[in-house]
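K.L.:
Here it is, the structure, as structure tokens.
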Amino acid sequence: MALSLVMFGPPGAGKGTQAIRLAEDRGIPQISTGDILREAVQTGTELGGQAKAVMDAGGLVNDTIMVGIVRDRLAQDDAAGGFILDGFPRTVAQATALDSILDGREPIVIVELAVADDELVNRLSRRRVCAGCGSIVGASEASPACGVCGGQLIQRSDDREDVVRERLRVYHQQTSPLVEFYRRRPTFHRVDGSQSPERVARAVDESVDAMIGAGR
Ligand code: AMP
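For the sequence shown, counting from 1, position 70 maps to 143 in our numbering; every step adds exactly one.
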């Protein structure tokens, strides 16, 4: 059965790590709106030009732009058999638009990864990503080179502590109302994201398996 899933939670909760793993396990694409925007910034497209300053300040890119990006991406062939959204929706307006984009498809499964703010600041200010393959490296594994491809590990410009605090403020103000938006759906599940990545993975798998079909 097709799995259409929203990996939801604050910055640093482990959405990317879990979304990449789950997508690989289930053979469906992981769609990260942050990655799409970062790629646009890197290649210097018009979208990249519009998004860069907002991203560097820890704010949110305009809903109309984001909904357009996701609508186009979900219309591609590889998303027909399911997908994992990572970093979208981030506002109630985006969530409402997503419901109408997916009208007529299987109900989406929503997994919230919950982690306390102090832990998030700590994780993000120590997080490094590989400039080569995009792997995410936590503080405890920090080494000069990426363990996957040997590429250089760098800090994302928006993982500086002042920007992280702003991203968390924006999360609480604009994104956490989505819990209320989704909470009553039978396909919503909260997972404790403060555990080790392996334990979180197990809990995510269990809740996904339990929820597949729950909304029909
Ligand atoms: P992420 O990699 O998901 O943490 O996203 C990095 C940055 O991209 C965010 O801090 C926002 O500035 C922007 N961004 C990503 N996804 C969205 C979205 N759904 N809505 C608005 N801005 C977004």
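By construction, the Cβ of each residue, glycine as well, lies at the ideal position given by its N, Cα and C atoms.
Considering GLN103, what are the terminal residues of the beta strand (DSSP E) in which it resides?
P.N.:
First-last of the beta strand (DSSP E) with GLN103: 103-105.
K.L.:
Count Cβ pairs between the stretch 135-155 and the stretch 226-233 that sit closer than 8 angstroms; are there 3 or more?
P.N.:
Segments in contact, no.
K.L.:
How is the beta strand (DSSP E) around ALA187 delimited, first residue to last?
P.N.:
Segment 182-187, the beta strand (DSSP E) holding ALA187.
K.L.:
Three Cβ pairs or more, each shorter than 8 angstroms: is that satisfied between the stretch 162-182 and the stretch 254-262?
P.N.:
Flag = yes, the stretch 162-182 and the stretch 254-262 touch.
K.L.:
Once you ignore the five residues that flank ASP231 on each side, which residues in its own chain have a CB closer than 7 angstroms to its CB?
P.N.:
Same-chain partners within the cutoff: MET128, ASP129, GLY131, ARG240.
K.L.:
Put ARG263 into one of helix, strand or coil per three-state DSSP.
P.N.:
Reduced to three states, the DSSP call for ARG263 is strand.
K.L.:
Using DSSP bridges, identify the partner residues of LEU158.
P.N.:
Answer by DSSP bridge pairing, in chain order: VAL79, ILE104.
K.L.:
Does the beta-carbon distance from ILE101 to GLY160 come in below 8 angstroms?
P.N.:
No, these two residues do not count as a Cβ contact at 8 angstroms.
K.L.:
Near ALA276, what residues of its chain come up, given a Cβ to Cβ distance below 8 angstroms and the 5 sequence neighbours on each side ignored?
P.N.:
Excluding residues within five positions, the ones whose Cβ falls inside 8 angstroms are VAL264, ASP265, GLN268.
K.L.:
With a 10 Å radius around its C-beta and 16 neighbouring C-beta atoms as the bar for buried, classify ALA218 as buried or exposed.
P.N.:
Per the 10 Å Cβ criterion, exposed.
K.L.:
Please determine whether the Cβ atom of ASP231 lies at a distance below 7 angstroms from any heavy atom of the ligand AMP.
P.N.:
At least one heavy atom of the ligand AMP is nearer than 7 angstroms to the Cβ of ASP231, so yes.
K.L.:
Near GLY87, which residues of its chain fall below 7 angstroms by C-beta distance, leaving aside the five closest residues on each side in sequence?
P.N.:
So the list reads LEU186, GLY266, PRO270, VAL273, once near-sequence residues are dropped.
K.L.:
Would you mind reading off the limits of the beta strand (DSSP E) that contains VAL202?
P.N.:
Start and end: 201-203.
K.L.:
At a cut-off of 7 angstroms, would you count GLN149 as near the ligand AMP, judging by its Cβ distance to the nearest heavy atom?
P.N.:
Answer for GLN149: no, Cβ out of range of the ligand AMP.
K.L.:
So what's ARG289 in DSSP terms, helix, strand or just coil?
P.N.:
Low confidence applies here, because ARG289 scores a pLDDT of 47, under 50, leaving its location unreliable and the question unanswered by this model.
K.L.:
Within the same chain, show all residues whose beta-carbon is closer than 6 angstroms to that of ARG200, passing over the 5 residues directly before and after it, in chain order.
P.N.:
Closer than 6 angstroms at Cβ, skipping near neighbours: ASP232.
K.L.:
Which of helix, strand or coil does DSSP assign to ALA218?
P.N.:
Looking at ALA218 - three-state DSSP - the assignment turns out to be strand.
K.L.:
Measuring from the CB of PRO162, is there a heavy atom of the ligand AMP at a distance below 7 angstroms?
P.N.:
Correct: PRO162 has its Cβ closer than 7 angstroms to the ligand AMP.
K.L.:
Please state the DSSP three-state secondary structure of GLN149.
P.N.:
Three-state result, GLN149: coil.
K.L.:
For MET80, verify whether its CB is less than 7 angstroms away from any heavy atom of the ligand AMP.
P.N.:
No.
K.L.:
Is THR260 near the ligand AMP, with its Cβ less than 7 angstroms from a heavy atom?
P.N.:
No, the ligand AMP has no heavy atom inside 7 angstroms of this Cβ.
K.L.:
Is LEU226 close to the ligand SAH? I mean its beta-carbon at under 7 angstroms from any heavy atom of the ligand.
P.N.:
The ligand SAH is not part of the structure shown, which contains the ligand AMP as its ligands.
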